[in-house]
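Here is the structure we will look at, set down as structure tokens.
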Amino acid sequence: MNRKTPQILSSGLIFAGIVAAGILLAGCQPTPLDLNKQSATDVPQEEGAISALNMTYSPDTLTVRPGATILFTNRDVADHSITSDDGNSFDTGLIAQDGIGEFTAPTIPGTYPYHCTSHPTMRGTLIVE
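In terms of our numbering, the sequence shown is residues 80 to 208.
Structure below.
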């Protein structure tokens, strides 16, 4: 047997150990925090948040300031939207299960009834004052 064979064998084992350790350490890296991800709890108090669950909006009536940003969280299994009854004032489009959308309240004070485009019996009211 050649004298270089044990050296090559031990070098190969060391290299394999280093590679295995690197793979293990790479798997232990923490997941980076997504600072841009929003949740309903991130909404400032003067703004608003609405959620959908069990085919209802909660709250079903919300009062906000003109131009407020309102977060919509769909906690239901079906897709839902928040669409003003006039069709022009605001519309989130359909939001999938566990999805989050947002819309801007109208700048003109008033009462704005809204509904879900997929489920017209889901109704709510946005009051802008």
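Don't be surprised by glycine CBs; every beta carbon is placed ideally from N, CA and C.
Between HIS194 and THR162, the beta carbon gap of about 6 Å places them in contact (Cβ cut-off 8 Å). By the CB criterion at 8 Å, ASP177 and ARG154 fall inside the cutoff. Using a Cβ distance threshold of 8 Å, ILE179 and LEU150 count as a contacting pair. For a cut-off of 8 Å, the C-beta gap from THR183 to GLY146 is around 6 Å, short enough to register as a contact. Look at GLU181 here: in three-state DSSP terms it is strand. The three-state secondary structure of THR204, taken from DSSP, is strand.
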